[in-house]
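If you want this note's numbering, it's the position in the sequence shown, counting the first as 1, plus 842. Quick reminder that beta carbons are idealized off the backbone N, C-alpha and C, glycines included. In this text the structure is predicted, and so the values were computed from the model without any measurement.
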Amino acid sequence: MATPTTDQHPTPVSEISSTSNAESARSKRTLPLSPDTTRGSGNRRKASKVSRACDHCKLKKLKCSGTLPCDGCLKRHVDCQYDSQYRRGRPPTPPTVGPRRQPMNSAQPDIIHQQQSSFVDENYEQLTSRATSQGPPGLETAEIEGQFFDPTSNLTFIHRAWKRLAQQTQETEPGLLTGSENLQPLMSAGDKPFNTRGEQGSMFVSQEVVQELFTYYFDNCIVTYRVLNQQYCQSWLEAIINNVHNGQPLETGIGHAKAAIVVNIIAIASFRQHKISEQNSLLNDMSLLLQQSEQYFLSASDLTARETGLPRLESAQARVLQVLYLLQTSRMNQAWYVFGNTVPIVTALGLHRKSTQYRKGSRQIGDYIISECRKRTFWVLYTIDKYLVVVFGRPRFYHDNDVDQDFPDRVNDEDMTPQGPSPSEPAMDCHVDSLIFHARYVLLRH
């Protein structure tokens, strides 16, 4: 018996599933959003986390909507502000909320879209201008009396604290410094002025006292900043004492730079004795010792100012000692300018580079003591450069790519000869280790 045939073929399951999926997708695209769905999406937007609360809600530890004004301040009729410091990066701009309006009808979507777009544009402009004017989050560069200070500078921190205190007391002044600094010279404006003058007539009166201060400097005043050789400086001191006894200028026979080095040594030693003995001495004695220190320093500064000719190693060493004295006496601005004048001298002498003979493979470089003092002088200057970066927050003078100078040898002054280290040099700790380790430490600090 024949099986009846039919023209209808069974539909594959894959076609049924694809058709049903297409219809369901089409129905999903055409179905309008129900009020419940719209309300649910609005609730999800309202549930977003508020990253910053207003000052009132933050102080009272209340829930804040993060708008300006917020819902809590509107209910309590409190002035809503966002003036407190924000410590979680860049402070977000709270969205501004206008007055309460009636429910919107369907004829207002274009107006709402225009308001939202203008609000976004205003916020974008505010954020863009703030991003360009501000530095790192929570920090700002300071311009104090026309001078630039980096955000990492301690002076910038003090300036920000001063501004906040001034805002709290409502006594904001136009400038941070107001007083005698406007009448001081440019290189020392803001520093403590000197009360004495550098008169050479009353200096080096007692040879015993001067020799004691000279020895005290090399034994106690230099820990890591060792730029000199005590043997050479001793010969310069004897020449100066002879000039004083003969009524001749201090620089006679040795030059201005070497004389300035010796006078700077006495100035630093006098000031250190003044600071150490301050609590155990009478006020009159200490004032006389401090005046003596300032007198020596001003005389040394006058000697370097009258120096003529091409720069020498002693020219750089004398100015390095001046910088150290100014830093010890908290005259930071003048120290900055003197240091800035010293760097070109050191660069002109090539102290930041290895000697030409050393580059060619020869280790016999003239006077061994002079060669080592060149290395010492540069690394002391390099260390001071890093220190001034921390103090002022200003760019460095030296860049590591320009430096290939070696560290000085581990040889004490008494074990050095013009030909090289003494053969009888003892195998013990060396004073120059402090300079080397200090320089290596600042090399690691960028």
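task = Using DSSP bridges, identify the partner residues of T1150.
result = Here residue 1150 corresponds to residue number 308 of the sequence shown, with the count starting at 1. Its beta-bridge partners do not exist; DSSP assigns none.
Requested in this report: Spatial neighbours of R1068 within its chain, please: CB distance less than 8 Å, with the 5 preceding and 5 following residues excluded, ordered by chain position.
Outcome: Locating residue 1068 in the sequence shown gives position 226, counting from the first residue. Hits under 8 Å: R1218, V1222, H1273, V1274, S1276 and L1277.
- prompt: Could you give the residue range of the alpha helix (DSSP H) that holds A895?
  reply: The residue labelled residue 895 in the question sits at position 53 within the sequence shown. From DSSP, A895 is part of no alpha helix (DSSP H); its letter is neither H nor E.
*asked:* Using only the alpha-carbon positions, how far apart do T879 and R1002 sit?
replied: Looking up residue 879 in the sequence shown gives position 37. Looking up residue 1002 in the sequence shown gives position 160. In this predicted model, T879 has a pLDDT of only 45, less than 50, meaning its place in the structure is not dependable; the value taken from the coordinates is given anyway. Between T879 and R1002, the C-alpha separation is close to 50 Å.
Buried or exposed: which applies to P911, given that a residue is buried once 16 or more other Cβ atoms fall within 10 Å of its Cβ?
-> Working through the sequence shown from its first residue, we reach residue 911 at position 69. Looking at its Cβ environment, which holds 16 or more other Cβ atoms inside 10 Å, P911 is buried.
Query raised in the report: Distance, Cα to Cα, F1181 vs T1094?
Result: Along the sequence shown, one-based indexing puts residue 1181 at 339. Along the sequence shown, one-based indexing puts residue 1094 at 252. Roughly 27 Å separates the two Cα atoms.
Notebook entry, point to check: Does the count of Cβ pairs from the region 1102-1110 and the region 1153-1164 closer than 8 Å reach three?
Noted result: yes
Exercise for review: To the nearest angstrom, report how far apart Q1049 and K1100 are at their CA atoms.
Suggested key: Counting from 1 along the sequence shown, the entry for residue 1049 is found at position 207. Counting from 1 along the sequence shown, the entry for residue 1100 is found at position 258. Taking the straight line joining both Cα atoms gives about 18 Å.
Item to check | Beta-ladder partner(s) of L910, from DSSP | outcome: Here residue 910 refers to the residue found at position 68 when the sequence shown is read from its first residue. According to DSSP, L910 bridges with T938.
Beta-carbon spacing of R1146, A1177 below 9 Å: Within the sequence shown, residue 1146 is the residue found at index 304, counting from 1. Within the sequence shown, residue 1177 is the residue found at index 335, counting from 1. It should be pointed out that residue 1146 corresponds to Thr in this sequence rather than to Arg. Contact flag unset, no.
Please name the residue in I1110, V1245 and N1175 whose C-alpha comes closest to that of I1064.
Walking along the sequence shown from the start, residue 1064 turns up at place 222. The option with the nearest alpha carbon to I1064 is I1110.
Given that a residue counts as buried once 16 or more other Cβ atoms are within 10 Å of its Cβ, and exposed if not, what is T1150?
-> Position 308 of the sequence shown, counting from 1, holds the residue named residue 1150. When all chains shown are included, T1150 counts as exposed.
- request: Name the two residues that bound the continuous alpha helix (DSSP H) containing F1056.
  value: Position 214 of the sequence shown holds residue 1056. Here the alpha helix (DSSP H) through F1056 covers Q1049 to Y1058.
* Out of curiosity, what's the CA-to-CA distance linking N1175 and P1260? -> What you label residue 1175 is simply residue 333 of the sequence shown in a count that begins at 1. What you label residue 1260 is simply residue 418 of the sequence shown in a count that begins at 1. Between N1175 and P1260, the C-alpha separation is close to 38 Å.
**Message:** Quick test of the definition: if touching needs 3 or more C-beta pairs under 8 Å, does the region 1027-1039 touch the region 1071-1090?
**Reply:** no
If you follow the alpha helix (DSSP H) that T1171 is in, where does it begin and where does it stop? Position 329 of the sequence shown, counted from the first residue, corresponds to residue 1171. Unbroken run through T1171: none, as it is neither H nor E.
query: So V1104 is in the alpha helix (DSSP H); what residue range does that whole segment cover?
result: Within the sequence shown, residue 1104 is the residue found at index 262, counting from 1. Residues H1098 to I1118.
Exercise for the section: Check the C-beta distance from Q927 over to D897 and give it rounded, since I have them as a contact under 8 Å. Expected result: Reading the sequence shown from its first residue, position 85 is the one you call residue 927. Reading the sequence shown from its first residue, position 55 is the one you call residue 897. About 10 Å; that fails the 8 Å criterion.
- Distance between D1227 and R1238 (C-alpha atoms, nearest Å): Sequence index remark: in the sequence shown, residue 1238 carries index 396 (1-based). Sequence index remark: in the sequence shown, residue 1227 carries index 385 (1-based). Computed Cα separation, rounded: 6 Å.
Considering C1215, what are the terminal residues of the alpha helix (DSSP H) in which it resides?
Taking the first residue of the sequence shown as position 1, residue 1215 is located at position 373. C1215 -> alpha helix (DSSP H) spans Y1210 to F1234.
### Message
Counting C-beta neighbours from all protein chains within 10 Å, is the total for G1235 16 or more, i.e. buried, or is it exposed?
### Response
By 1-based counting over the sequence shown, the position of residue 1235 is 393. The residue is buried, with at least 16 neighbouring Cβ atoms inside 10 Å.
If you check the beta carbons only, do F1046 and I1096 fall under 9 Å apart? In the sequence shown, counting from the first residue as 1, residue 1046 sits at position 204. In the sequence shown, counting from the first residue as 1, residue 1096 sits at position 254. No. Outside cutoff.
request  = Enumerate in chain order the residues of its own chain whose CB-to-CB distance from V1290 is below 8 Å, with the five nearest sequence positions on each side excluded.
outcome  = Since the displayed the chain opens at 843 and closes at 1288, residue 1290 lies outside it and no answer follows.
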